[in-house]
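In my numbering, the protein residues as written are 20 to 261.
Right, dumping it as structure tokens:
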């Protein structure tokens with residue numbers, strides 16, 4: 020990194036911040052890479068350690084960098100920001116954020132509804148359902164695991180409808196059963212062994228766990244999803260009014 024210019028009329032901490040940002044934007048610093056220690060950056064840039072620290076803190080506040088206690092400061096992965104004031108599909112949301120989306124189908128089966136799925140879809144426990152488990156990737160990096168469920172009685176041929184490129188509720192809309200709203204709950208959890216492996220994170224890493232029920236135009240619950248999202252790659256934006 021180049022030494023700072025005290026004659027530019029720009030605060031030195033801001034120059035630090037933007038110099039690091041430029042290194043990230045240009046690809047010289049890559050996601051997951053460790054940033055040089057503050058002491059080394061201060062020497063390279065001809066600034067005080069406090070100046071360097073303030074510039075770094077700005078980028079941490081933005082989510083561009085993150086710290087691991089006792090280890091150092093790292094370059095964060097870009098986030099997919101889902102706007103939860105409207106119902107959008109994964110491909111649409113990822114494309115809006117500038118990512119290349121992809122879905123890998125991990126499991127497709129006809130099985131009996133668990134109690135949680137049955138309650139969400141107004142079915143009997145053990146009633147046949149279609150279950151699809153997928154891995155969502157952005158720029159070929161794992162982002163989320165989705166378990167989606169619909170009634171087999173209502174949609175017996177849904178597995179033949181192109182689930183590699185659509186969420187189940189999108190397929191229902193395309194097949195004449197449009198959806199209008201969804202209700203979901205999001206909570207913080209720790210990744211257990213299988214989910215951690217699929218998402219490429221350490222066991223016990225923070226994830227966002229989401230339960231979502233999608234409703235048809237006439238108010239019927241038609242799809243229930245259990246979602247596990249990487250905490251370091253996924254963020255939520257909602258609009259609140261009063």
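Don't be surprised by glycine CBs; every beta carbon is placed ideally from N, CA and C.
Here the structure is a predicted model, which is why all the values come from computation and not from measurement.
Alpha carbon to alpha carbon, what distance is there between residue j and residue i?
| i | j | result |
| --- | --- | --- |
| residue 85 | residue 169 | 39 Å |
| residue 64 | residue 32 | 11 Å |
| residue 121 | residue 70 | 41 Å |
| residue 139 | residue 252 | 28 Å |
| residue 30 | residue 95 | 24 Å |
| residue 230 | residue 154 | 16 Å |
| residue 215 | residue 125 | 15 Å |
| residue 166 | residue 247 | 9 Å |
| residue 152 | residue 186 | 11 Å |
| residue 42 | residue 28 | 21 Å |
| residue 49 | residue 173 | 47 Å |
| residue 97 | residue 239 | 36 Å |
| residue 245 | residue 44 | 34 Å |
| residue 134 | residue 141 | 10 Å |
| residue 249 | residue 243 | 20 Å |
| residue 220 | residue 260 | 36 Å |
| residue 112 | residue 72 | 34 Å |
| residue 115 | residue 157 | 12 Å |
| residue 227 | residue 37 | 30 Å |
| residue 76 | residue 54 | 13 Å |
| residue 47 | residue 83 | 14 Å |
| residue 87 | residue 160 | 21 Å |
| residue 225 | residue 258 | 24 Å |
Do the CB positions of residue i and residue j come within less than 8 Å of each other?
| i | j | result |
| --- | --- | --- |
| residue 56 | residue 91 | yes |
| residue 202 | residue 255 | no |
| residue 175 | residue 235 | no |
| residue 194 | residue 106 | no |
| residue 149 | residue 188 | no |
| residue 129 | residue 78 | no |
| residue 144 | residue 132 | yes |
| residue 212 | residue 222 | yes |
| residue 136 | residue 74 | no |
| residue 23 | residue 66 | yes |
Our contact map puts residue i next to residue j with C-beta atoms below 8 Å; I'd like the distance itself, whole angstroms only.
| i | j | result |
| --- | --- | --- |
| residue 147 | residue 109 | Rounded, the Cβ-Cβ distance is 26 Å, inconsistent with contact. |
| residue 51 | residue 118 | Residue 51 to residue 118, Cβ: 16 Å. No contact. |
| residue 241 | residue 190 | Their Cβ separation, rounded to whole angstroms, is 11 Å, which puts residue 241 and residue 190 out of contact at 8 Å. |
| residue 207 | residue 218 | The pair is not a contact, with the Cβ atoms about 15 Å apart (cut-off 8 Å). |
| residue 162 | residue 127 | That pair is no contact at about 20 Å. |
| residue 68 | residue 58 | 6 Å |
Identify every residue that forms a DSSP beta bridge with residue i.
| i | result |
| --- | --- |
| residue 86 | 92 |
| residue 35 | Per DSSP, none; premise fails for residue 35. |
| residue 48 | None; residue 48 has no bridge partner. |
| residue 201 | 233 |
| residue 247 | 164, 228 |
| residue 240 | 234 |
| residue 73 | Bridge partners of residue 73: none, in fact. |
| residue 53 | 93 |
For a test of your reading of the model: does the CB of residue i fall under 7 Å from any non-hydrogen atom of the ligand ADP? Yes or no.
| i | result |
| --- | --- |
| residue 215 | Summarising the ligand content, the structure contains no ligands, and the ligand ADP is consequently not present. |
>> Which complete alpha helix (DSSP H) runs does the segment 203 to 236 hold, if anything under 4 residues is left out?
In response: Given a length threshold of 4 residues, each whole run of the alpha helix (DSSP H) inside the segment 203 to 236 is given here in chain order: 212 to 218.
> In chain order, which continuous runs of the beta strand (DSSP E) of length 3 or greater are located wholly inside the segment 112 to 169?
Replying inline: Unbroken beta strand (DSSP E) stretches of 3 residues or longer found wholly inside the segment 112 to 169: 120 to 131, 147 to 157, given in chain order.
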